Each structure stands twice: as structure tokens, then as C-alpha cells.
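Trainee: Each residue of the sequence shown is one higher than the one before, counting from 56 in our numbering.
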Amino acid sequence: MNIVNRALKSDNDAVRTRRTSIVKRDRDSQRFTDLEDIINGQVEEIQAWKKRDRASQDRIKRLQEDLQASQAAHQASEERCHEFDDYSQRLEKHATQLECNGKAMEGEKAELERALAQAHVERRDLTELLNRGLVERKEEMETHPNNVTDAASSSEVLALVKCINTQIFHTAATISDDFQASYGTQKYKIIVNMAVARLKKSNIVGAELPSILPTSDHRTDPTLVQIALQVALAMLVYNFVSPWFTSLEKQTAFLHSIYAEMCKHELQRDLGQWRTMALTYTRAIIPEKGQSVSVPASMMIDYVSDVLLACGVDGSPEQVRNSVRLHHAERLKQLATQILDFRCIAGEKIVSGDLQVFGVWPPAPFDPARMEDDWADTANPDSPAGDILGTTNLGLIRQERRAKADEDAEDDASGQMRKVVMLKPKVVLHSTLRELLSEPKMVTETDGGNFPS
């Protein structure tokens with residue numbers, strides 16, 4: 056019985072154990088199923104996250120590519136802007152250069168037009184001179200058939216004076232242009248001041264130009280320098296060109312005073328013959344050095360150098376003189392040769408009258424009957440004039456003593472001398488100077504005008 060009970064109990068226990076195992080197995084199976092579901096859900100979620108991550112990475116990559124493209128476009132835009140800025144600056148510089156070139160070309164055009172007009176006038180005058188010379192020769196033969204006649208005609212002297220004026224113009228223009236880059240570069244103010252003082256003392260360019268020359272920027276436009284050089288050379292030629300100018304100053308001055316007294320009493324024929332003989336034989340005893348071109352040429356070099364120094368050309372006075380002598384001595388010697396030619400012809404070869412070069416000096420007022428405005432406005436020739444600044448082209452006057460029977464309305468107060476203006480001098484006016492200085496560009500320290508004391 057006990058055995059049966061134990062067996063039954065064992066069976067019951069086994070059944071309970073199996074049931075428990077089954078329940079546990081079912082519970083474990085359900086848990087496993089739940090875990091699988093959870094895991095599958097997590098896997099799906101992870102895969103979804105991975106997909107979203109890949110999409111995000113793709114989007115980030117596209118954004119990075121867009122950003123790089125934007126940065127490249129921005130950099131290209133900046134480079135293009137820099138290029139435009141550089142191009143704009145180059146255009147501005149080019150426009151400024153074109154404007155300066157335009158002004159320079161306008162100045163050169165005006166200068167060339169003046170030179171061309173002067174050449175046309177010279178050509179016309181030469182033709183007239185040839186005709187006039189023939190007429191003069193014929194009249195001379197008719198008037199003085201048995202007397203001594205002129206060895207040269209007044210027309211030849213007139214042509215020579217015009218050549219002298221042309222030489223003055225071209226020499227002044229060439230020198231002013233050649234030193235254009237050097238104006239305002241002088242480092243020592245005392246050198247400029249000393250040159251100005253010498254010009255003022257000599258009065259070679261008048262009283263006002265010496266003070267104006269150092270204060271203007273001549274590198275932009277050297278016209279004022281050219282005018283100063285023309286005035287200086289014209290004054291020097293006027294001083295040198297007199298037939299009575301020799302190295303024997305006291306002796307020739309005495310002879311000239313005798314001649315001046317003779318002009319009050321003697322006939323023109325006697326006057327002319329005495330003058331020609333006196334000058335011819337005076338020249339015969341003058342040392343050869345005193346008759347050479349070196350004296351006037353050397354003095355012209357000195358005054359040209361002073362004008363350049365007053366304009367601020369760098370270097371010592373001796374260095375500037377050497378530069379002028381090296382590059383422009385030949386032109387100045389040609390001018391000196393023409394001076395000596397005038398002395399010889401007017402003083403020793405013409406008996407029938409006295410031919411004298413003359414100019415007009417400040418502060419004389421402008422008189423169109425006696426002079427011409429070298430810078431006259433061709434578009435408005437009747438514009439009001441004023442006082443003159445200086446003479447740029449010399450004039451020529453013929454003076455002849457007439458017999459009392461030949462007196463006319465043109466005679467002077469003595470009733471014996473007749474004066475005929477063969478060539479009017481040309482002058483530059485204060486109004487021209489004001490026009491040139493209407494927009495003055497003063498020399499500054501950056502322009503080389505910083506003079507150490």
C-alpha cells in the first residue's frame with residue numbers, strides 16, 4: 056500500500072513536474088518570442104536609423120558640396136571684384152594719363168600752329184624781300200648814280216633779323232623742353248634764390264618773371280620757361296647787336312658820340328661813309344678774341360643757366376652751365392654768329408641809312424601801332440591788352456638823314472631824320488602771364504621742392 060501510495064505520489068510529482076516544465080517552457084517560449092519581436096523591432100528601428108543616417112549623410116554631403124560651390128563662387132566673385140577694382144584703377148590712371156596727354160598735345164598743337172604760322176610768314180616775307188631788294192637796288196642806282204652805294208640791302212638785314220628771331224624762338228623752345236623733367240628738383244633753396252637775385256639785378260627778364268619762375272610747376276607745361284628764355288635771349292641780342300658794341304668800350308663809345316653829333320649836321324652819305332670806315336678800321340685793331348662768337352655765346356649760356364636754376368633745375372650753377380654748354384652751345388653760337396653778321400652788315404656795308412634793332416621793355420603799355428602781341432588770341436584779336444611783360448622778338452628800324460628839300464610828315468622833331476619801322480617787335484603781355492598762371496600748380500615737397508636750408 057505504501058508502495059502504491061509512493062508510486063502514485065511519484066507519478067503525481069512527475070505530472071506536476073511535467074506541467075511545471077511545460078508551463079515554464081511555454082513561458083520561456085513566449086518570452087523568447089517576445090524577445091525576438093523586441094529584437095526584430097530594434098533591428099528594424101536600427102535599420103530605419105541607418106537609412107535615415109545615410110539620408111542625413113547624403114544630405115550633409117550635398118550641403119557640403121553646395122557650401123564648397125558657394126565658397127568657390129564667392130571666391131570667384133571676390134576675385135572678379137578685385138579684377139574689376141584693378142581694372143577700374145587702371146582705367147582711372149589711363150583716363151588721367153589721357154587727359155594729361157590731351158593737354159600736352161593741345162599745347163604742342165598750339166606751339167606747332169604758331170611755328171607753322173611763323174614759317175608761312177617767313178616764307179612770304181622772304182618772297183617780298185627778294186622783290187624789295189631788287190627794287191631797292193634799282194632805286195639806289197637811280198638815286199646815287201655817281202656816289203658810293205650800299206654793299207648790302209636793307210632787305211638782307213631785315214631777313215637776318217627775322218632769322219635771329221627764329222633762332223631765339225627755336226633755341227628757347229628746345230632748351231625749355233630738354234630740361235622739363237628736371238624742373239622743381241633742386242635740393243638747395245639758396246641756389247634758386249641766388250639765381251633769382253642775379254636775374255633781378257641784371258633785369259634780363261624784367262622785374263617780375265624772376266620771382267614767378269621758382270613758384271610754378273614747369274614739368275606739366277614749360278611754356279613760362281620758354282617765354283623767360285626768349286625774353287632773356289632777345290635782351291642779350293639787343294645788347295650785343297649794336298654795330299658800336301666792341302671789346303674796346305671806351306674807344307667805340309667815343310666814336311659813337313662823334314657819330315651822334317655828326318648826325319645833327321652832316322648828309323646821310325657822309326654819315327654812312329664815316330661810320331663804315333670808323334667801324335671797319337676799329338675792328339681791324341680789335342683783338343681777334345674780342346670779335347669771336349665766344350663772348351656773346353658765353354654770356355648767353357650764363358643767363359640761360361640762371362633761368363633754369365630759378366626754375367629749380369637740380370645741380371650746382373657750374374653743373375647746369377656745363378649741361379647747357381654741352382647740349383646747346385652750338386645753337387647759341389649760331390645765334391652769336393648772326394649777331395656778328397648784323398654788326399658787320401648794318402655797321403660797315405650800308406651807307407644810305409642806319410639800321411637798328413629795337414625792342415620794347417616793361418612797364419611800357421601795349422601799343423599795336425609799334426608792336427605785336429606774340430600770344431594774341433587769333434579768335435579774338437581785338438581783345439583788350441595791357442602792359443607788356445617783355446620782348447620775345449626784336450624789331451628793326453631804319454633811320455635816314457634827309458636833305459631839307461626832302462622833309463616830310465614822317466620826319467622827327469629836328470626835321471632832318473626820317474625813321475621807318477621795317478619790322479615790329481613782338482611782346483608778351485601780363486594778360487598772357489595771368490592766363491598761364493590761372494590754375495597754378497605750386498612746387499610741393501613731394502615734387503622735389505623740399506629745399507634744405
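Where a beta carbon is used, it is the ideal one built from N, C-alpha and C, also for glycine. All figures in this text were calculated on a predicted structure; none of them were measured in a lab.
#1: Expressed to the nearest angstrom, what Euclidean distance is found between the alpha-carbon atoms of Asn-435 and His-175?
#2: Taking only three categories from DSSP, how would you classify Asn-448?
#3: Per DSSP, what kind of secondary structure is Gly-261 in: helix, strand or coil?
#4: Return the chain-ordered list of same chain residues with a C-beta closer than 8 angstroms to the C-beta of Val-359, the five sequence neighbours on each side being excluded.
#5: If we ignore side chains and look at the alpha-carbon of each, how far apart do Asp-68 and Glu-91 end up?
#6: Helix or strand or just coil, what does DSSP make of Arg-145?
#7: Quick check on this structure: which residue in Arg-425, Phe-397, Ile-443, Glu-373 has the alpha carbon closest to the alpha carbon of Ser-210?
#8: Going residue by residue through the stretch 293 to 376, where are the continuous alpha helix (DSSP H) segments of at least 4 residues, counting only ones entirely within it?
#9: Out of curiosity, what's the CA-to-CA distance linking Gln-112 and Leu-153?
#10: If you follow the alpha helix (DSSP H) that Gln-222 is in, where does it begin and where does it stop?
#11: Please state whether DSSP places Lys-481 in a helix, a strand or coil.
#12: Could you name the residues of the same chain whose beta carbon sits closer than 6 angstroms to that of Phe-234, not counting the 5 residues immediately before and after it, in chain order?
#13: Rounded to whole angstroms, what's the CA-CA distance from Ile-356 to Lys-256? Just pull it up for me.
#14: Starting from Gln-411, trace the beta strand (DSSP E) both ways and give me its first and last residue.
#15: Determine the DSSP secondary structure at Arg-274, reduced to helix, strand or coil.
#16: Count Cβ pairs between the stretch 416 to 426 and the stretch 477 to 485 that sit closer than 8 angstroms; are there 3 or more?
#17: Would you say the stretch 313 to 330 touches the stretch 406 to 423, given that touching needs at least three Cβ pairs under 8 angstroms?
#18: Since Phe-413 contacts Ile-443 with CB under 8 angstroms, what's their CB separation in whole angstroms?
#19: What three-state label does DSSP hand Asp-205 in the structure shown?
#20: May I ask you to list the residues that DSSP assigns as paired with Met-472?
#21: Considering only the alpha carbon of each residue, which of Lys-244, Gly-445, Gly-96 lies closest to Pro-269?
#22: Would you report the Cα separation of Ile-246 and Asp-361, rounded to the nearest angstrom?
#23: Taking just the CA atoms, how far does Met-332 sit from Ile-267?
#24: Measure from the alpha carbon of Thr-392 to the alpha carbon of each residue in Cys-318, Ala-352, Thr-204, Gln-97, then state which is nearest.
#25: Rounding to the nearest angstrom, what Cα-Cα distance links Val-430 and His-485 in this structure?
#26: Could you pull out every residue in the same chain whose Cβ sits closer than 7 angstroms to the Cβ of Gln-389, ignoring the five residues on either side in sequence?
#27: Can you tell me the Cα-Cα spacing of Asp-502 and Gly-239, whole angstroms?
#28: Tell me, to the nearest whole angstrom, how far the beta carbon of Val-476 is from that of Gly-450; I am working on the premise that it is less than 8 angstroms.
#29: Going along the chain, which residues of its own chain have a beta-carbon closer than 6 angstroms to the beta-carbon of Ser-493, five neighbours each way excluded?
#30: In whole angstroms, what separates the C-alpha of Lys-319 from that of Thr-182?
#31: Taking 7 angstroms as the limit between beta carbons, can you name the residues of its chain near Asn-57, skipping five residues before and five after?
#32: Looking only at DSSP bridge pairs, what is Ile-443 linked to?
#33: Secondary structure at Gln-396, three-state DSSP: helix, strand or coil?
#34: If you compare alpha carbons, which of Glu-177, Thr-278, Asn-248, Ile-340 is closest to Leu-215?
Mentor: Reading it off the structure:
#1: Here residue 435 refers to the residue found at position 380 of the sequence shown. Here residue 175 refers to the residue found at position 120 of the sequence shown. In this predicted model, Asn-435 has a pLDDT of only 48, less than 50, meaning its place in the structure is not dependable; the value taken from the coordinates is given anyway. Asn-435 and His-175 have their C-alpha atoms spaced approximately 21 angstroms apart.
#2: Taking the sequence shown and counting its residues from 1, the one referred to as residue 448 is at position 393. Residue state, collapsed to three classes: strand.
#3: Within the sequence shown, residue 261 is the residue found at index 206, counting from 1. Three-state result, Gly-261: strand.
#4: The residue given as residue 359 occupies position 304 in the sequence shown. Here the set comprises Ile-230, Leu-284, Ala-287, Leu-288, Val-379, His-383, Leu-387.
#5: Indexing the sequence shown from 1 puts residue 68 at position 13. Indexing the sequence shown from 1 puts residue 91 at position 36. Computed Cα separation, rounded: 33 angstroms.
#6: On the sequence shown, position 90 is the one that residue 145 refers to. Helix.
#7: Taking the first residue of the sequence shown as position 1, residue 210 is located at position 155. When C-alpha distances from Ser-210 are compared across Arg-425, Phe-397, Ile-443, Glu-373, the shortest belongs to Phe-397.
#8: Fully enclosed alpha helix (DSSP H) runs of 4 or longer: 304 to 317, 323 to 340, 349 to 365.
#9: Here residue 112 is taken as the residue at index 57 of the sequence shown, counted from 1. Here residue 153 is taken as the residue at index 98 of the sequence shown, counted from 1. About 59 angstroms.
#10: As a working note, residue 222 is residue 167 in the sequence shown. For Gln-222, the uninterrupted alpha helix (DSSP H) run begins and ends at 209 to 233, by DSSP.
#11: One-based indexing of the sequence shown puts residue 481 at position 426. If DSSP states are grouped into helix, strand and coil, Lys-481 belongs with the strands.
#12: Looking up residue 234 in the sequence shown gives position 179. Once the five neighbours on either side are set aside, the close Cβ partners of Phe-234 are Leu-363, Val-368.
#13: As a first step, residue 356 is located in the sequence shown; it is residue number 301 there, counting from the start. As a first step, residue 256 is located in the sequence shown; it is residue number 201 there, counting from the start. If I take the Cα positions, the gap works out to 17 angstroms.
#14: For the purposes of this step, residue 411 is taken as residue 356 along the sequence shown, with counting starting at 1. That run of the beta strand (DSSP E) goes 409 to 413.
#15: As a working note, residue 274 is residue 219 in the sequence shown. Of the three classes helix, strand and coil, the one that applies to Arg-274 here is coil, per DSSP.
#16: For the pair of segments examined, the stretch 416 to 426 was found to touch the stretch 477 to 485: the number of CB pairs separated by less than 8 angstroms reaches three.
#17: Because the criterion of three Cβ pairs below 8 angstroms is met, the stretch 313 to 330 and the stretch 406 to 423 touch.
#18: Stepping through the sequence shown from its first residue, residue 413 is reached at position 358. Stepping through the sequence shown from its first residue, residue 443 is reached at position 388. Phe-413 to Ile-443, Cβ: 13 angstroms. No contact.
#19: On the sequence shown, position 150 is the one that residue 205 refers to. Residue state, collapsed to three classes: coil.
#20: One-based indexing of the sequence shown puts residue 472 at position 417. BP columns for Met-472 point to Arg-456.
#21: On the sequence shown, position 214 is the one that residue 269 refers to. Lys-244 is the residue among Lys-244, Gly-445, Gly-96 whose C-alpha sits nearest the C-alpha of Pro-269.
#22: Locating residue 246 in the sequence shown gives position 191, counting from the first residue. Locating residue 361 in the sequence shown gives position 306, counting from the first residue. Cα to Cα, the separation comes out at about 10 angstroms.
#23: Mapped onto the sequence shown, residue 267 falls at position 212. Mapped onto the sequence shown, residue 332 falls at position 277. The alpha-carbon atoms of Ile-267 and Met-332 are separated by roughly 46 angstroms.
#24: Your numbering for residue 392 matches position 337 in the sequence shown. The candidate whose alpha carbon is nearest that of Thr-392 is Ala-352.
#25: Residue 430 sits at position 375 when you count from the first residue of the sequence shown. Residue 485 sits at position 430 when you count from the first residue of the sequence shown. Note on residue identity: the sequence assigns Trp, not Val, to residue 430. Roughly 11 angstroms separates the two Cα atoms.
#26: Counting from one through the sequence shown, the residue named residue 389 turns up at place 334. The answer, listed in chain order, is Gln-222.
#27: On the sequence shown, residue 502 is found 447 positions in, with the first residue counted as 1. On the sequence shown, residue 239 is found 184 positions in, with the first residue counted as 1. Only weak support is given to the placement of Asp-502: the predicted model assigns it a pLDDT of 41, under 50, and the value that follows is read from those uncertain coordinates. Whole-angstrom Cα-Cα distance: 7 angstroms.
#28: Here residue 476 refers to the residue found at position 421 of the sequence shown. Here residue 450 refers to the residue found at position 395 of the sequence shown. That pair is a contact at about 7 angstroms.
#29: By one-based count along the sequence shown, residue 493 stands at place 438. Here the set comprises nothing.
#30: By 1-based counting over the sequence shown, the position of residue 319 is 264. By 1-based counting over the sequence shown, the position of residue 182 is 127. Distance between the alpha carbons of Lys-319 and Thr-182 is about 36 angstroms.
#31: By one-based count along the sequence shown, residue 57 stands at place 2. The beta carbon of Asn-57 sits closer than 7 angstroms to none of the beta carbons in its chain outside the five residues before and after it.
#32: By 1-based counting over the sequence shown, the position of residue 443 is 388. Per DSSP, Leu-484.
#33: Position 341 of the sequence shown, counted from the start, is the residue given in the question as residue 396. The question names Gln, but residue 396 is Asp in the sequence shown. Per DSSP, reduced to three states, the secondary structure at Asp-396 is helical.
#34: For the purposes of this step, residue 215 is identified with residue 160 of the sequence shown, where counting begins at 1. Between Leu-215 and the set Glu-177, Thr-278, Asn-248, Ile-340, the nearest pair of CA atoms involves Glu-177.
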